[in-house]
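The numbering of the sequence shown is my numbering, which starts it at 3 and goes up by one.
Cβ atoms here follow ideal geometry from the backbone N, Cα and C, with glycine treated the same way.
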Amino acid sequence: MNERQFRAEAERLTRATRLVAACVTTAHITSLRDPGSFVIAARLGRGEPARLRGSANLGLRVDELWQRTNDERWDLRYRYSILRSDTQHEILSFHRHGSNRPHLHLGAGAGELFEPLYKAHVPTGPVALTEVVLMLVRDFGVEPLRADWETVLEAERRD
Numbered sequence: 003m004n005e006r007q008f009r010a011e012a013e014r015l016t017r018a019t020r021l022v023a024a025c026v027t028t029a030h031i032t033s034l035r036d037p038g039s040f041v042i043a044a045r046l047g048r049g050e051p052a053r054l055r056g057s058a059n060l061g062l063r064v065d066e067l068w069q070r071t072n073d074e075r076w077d078l079r080y081r082y083s084i085l086r087s088d089t090q091h092e093i094l095s096f097h098r099h100g101s102n103r104p105h106l107h108l109g110a111g112a113g114e115l116f117e118p119l120y121k122a123h124v125p126t127g128p129v130a131l132t133e134v135v136l137m138l139v140r141d142f143g144v145e146p147l148r149a150d151w152e153t154v155l156e157a158e159r160r161d
């Protein structure tokens, strides 16, 4: 894969992240590319949670890392975190990293109910940013910023 092909692939992979995030935040997705190691990273804002509009006091943190595998596929690792925007306390965080299976971290409040939950890796299947944004809007009262947010999310769910 030459440099031009790599840049095009990076654009393709980060496009969906930018479109989906724009449904709920004006923070920009920054992408970093390292053609030498075939790594592409995407981060919402500068890594701090983006404040979300709506009745809840919520923020969203997005980190994605794509790495090219030996069989020429792209392996996605991610962290999608929902936090209280006033305290930065994590409420839910969906992770897939390294050799770990996709999992969910529950915020500190869960540890008050049952201490082992705070550090537990609750198993999940792969979680797409699209599903997290849909949950934020439908279940957590976050106001979408795009009038066509449902169309955008549905299109990205099909891809």
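- Item | First and last residue of the uninterrupted alpha helix (DSSP H) at V139 | In the sequence shown, residue 139 corresponds to position 137, counting from 1. From DSSP, the alpha helix (DSSP H) with V139 extends over 131-142.
- Message: Classify G143: buried if its beta carbon has 16 or more other beta carbons within 10 angstroms, exposed otherwise.
- Response: Position 141 of the sequence shown, counted from the first residue, corresponds to residue 143. Counting of Cβ neighbours within 10 angstroms places G143 among the exposed residues, the total staying below 16.
- Task: Determine the DSSP secondary structure at V22, reduced to helix, strand or coil.
- Result: Counting from one through the sequence shown, the residue named residue 22 turns up at place 20. V22: helix per DSSP, three-state reduction.
- Task: Please list the segments of the beta strand (DSSP E) lying wholly inside the region 50-75, counting only runs of 3 or more residues, in order along the chain.
- Result: For the region 50-75, the full-length beta strand (DSSP E) segments reaching 3 residues or more read 60-70 along the chain.
- Query: If we call anything under 7 Å between Cβ atoms a contact, is L60 one with L67?
  - Reply: Sequence index remark: in the sequence shown, residue 60 carries index 58 (1-based). Sequence index remark: in the sequence shown, residue 67 carries index 65 (1-based). In this structure, L60 sits away from L67, with a CB-CB distance that is not shorter than 7 Å.
- P118 - DSSP class collapsed to helix/strand/coil: Locating residue 118 in the sequence shown gives position 116, where the first residue counts as 1. P118: helix per DSSP, three-state reduction.
- Message: How far does the alpha helix (DSSP H) with E158 in it extend, from its first residue to its last?
- Response: Here the question's residue 158 lines up with position 156 in the sequence shown. DSSP places E158 in the uninterrupted alpha helix (DSSP H) bounded by 151-160.
- Message: Taking the straight line between their C-alpha atoms, what separation do you get for F8 and D141?
- Response: Working through the sequence shown from its first residue, we reach residue 8 at position 6. Working through the sequence shown from its first residue, we reach residue 141 at position 139. Cα-Cα distance, rounded: 38 Å.
- In the structure shown, what three-state DSSP assignment does R162 receive? Nothing can be reported for residue 162, as the shown portion of the chain is limited to 3 through 161.
- Message: Are the CB atoms of S57 and A44 within a distance shorter than 7 Å?
- Response: Sequence index remark: in the sequence shown, residue 44 carries index 42 (1-based). Sequence index remark: in the sequence shown, residue 57 carries index 55 (1-based). No, Cβ-Cβ distance for A44 and S57 is not below 7 Å.
- Answer with buried or exposed for P107, where buried requires no fewer than 16 other C-beta atoms within 10 angstroms of its C-beta. Locating residue 107 in the sequence shown gives position 105, counting from the first residue. Looking at the sequence shown, residue 107 is not Pro but His. H107 comes out buried.
- Message: Spatial neighbours of V22 within its chain, please: C-beta separation below 6 Å, excluding the five flanking residues on both sides.
- Response: As a working mapping, residue 22 is identified with position 20 in the sequence shown. For V22, the CB contacts under 6 Å within the same chain, skipping 5 residues up- and downstream, are L131, T132, V135, E158 in chain order.
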